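Take a look at the structure set out below.
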Amino acid sequence: MYKQTRTDPLKPGMHRSLPKICSMENRSLTALAGLIVLLAMPCAGLAADGAASDDQEAAWQERLDKAEAMRAEGRARQAAADQLLEERNTACAKKFLINDCRNAAAREHLKTVRETRRLENDGRKLERAVKKEQMVERDKQRVEELPRREADLALRQAESTAARQAAEEKRAATQASKAAKAAEGEQRKLAAAEKQRKKQADHDARVAKKMQQAEQRAAQAAEKK
């Protein structure tokens, strides 16, 4: 016979703590999911309010097109005036008062040049005004979108935290389940060993008793002789 030392790798009742672990996991994931929903709710409204409207964009484009048309018209008038001056100078060469003719052509050309420059300058001013308005709008959008960007960052962090915590809790639950199963297996082994020990002890006791009885019978037989 031998003395059996019983070891239990898992404290009694640990396998019953698995439902508690799962319950804690569900509560924490539910809380994180609620936080993610709250963070995501303002983002749609902020995104809709931050961008310039389609009507505003169309109005800007219309004014930019007008500015480009004014500048193009100015360039066209300038080219036509230069061509006309060249033709009039050629024609003046055939006249008696050449200088007077050319001076008159130059004055007319200068008048046209001033008009074309004014037209081109007006086009540039209009373009600069639109660009300035667009820059102001972009700055405004950046300021208005700051809360959305911060909310997006917080949302991504919350999602990352939720995923990491879910993975950690799943891993902990898996380890606890494995430990519980290992403890149950060890308990079964110990129970089987104890059963075998008792069986062997009973067998040894029966054998010893039979041997004792046999010795007694032998002694009694020897005394009778």
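In this text, residue positions in the sequence shown follow the working numbering: the first is 297, and each later residue adds one.
Beta carbons are placed, not taken as given, at the ideal position from N, Cα and C, and that holds for glycine.
Predicted model only: the values in this text are computed from it and were never measured.
Cutoff 7 Å; reference residue i; Cβ partners in own chain excluding five residues on either side
i	result
T408	R373, A377
A510	none
N385	R398, A401
N322	Low per-residue confidence applies at N322: pLDDT is 49, beneath 50, and the placement is therefore not dependable, though the value from the model is reported in the following sentence. Hits under 7 Å: none found.
Beta carbon of residue i nearer than 9 Å to that of residue j
i	j	result
E433	R371	no
V426	A363	yes
M366	D435	no
Environment of residue i [buried if 16+ CB atoms lie within 10 Å]
i	result
P338	At P338 the pLDDT is 47, less than 50, meaning the model places this residue with poor confidence; the figure from the coordinates comes in the next sentence. With fewer than 16 other Cβ atoms within 10 Å, it is exposed.
T412	buried
R410	exposed
A514	exposed
A454	buried
Which listed residue (the options) has its alpha carbon closest to that of residue i
i	options	result
L360	N385, D396, R420	R420
E404	E383, Q437, A389, T470	E383
A354	E369, L406, R424, Q430	Q430
W356	E423, R460, R452, L406	E423
E380	D396, L406, A368	The residue asked about is misnamed: residue 380 is Leu in this sequence, not Glu. Ranking the options by Cα distance to L380, first place goes to L406.
Cβ neighbours of residue i in the same chain (closer than 8 Å, five flanking residues each side left out)
i	result
M507	none
Same chain only: Cβ atoms within 6 Å of residue i, ignoring 5 sequence neighbours per side
i	result
I394	C388
K428	none
E446	none
A368	none
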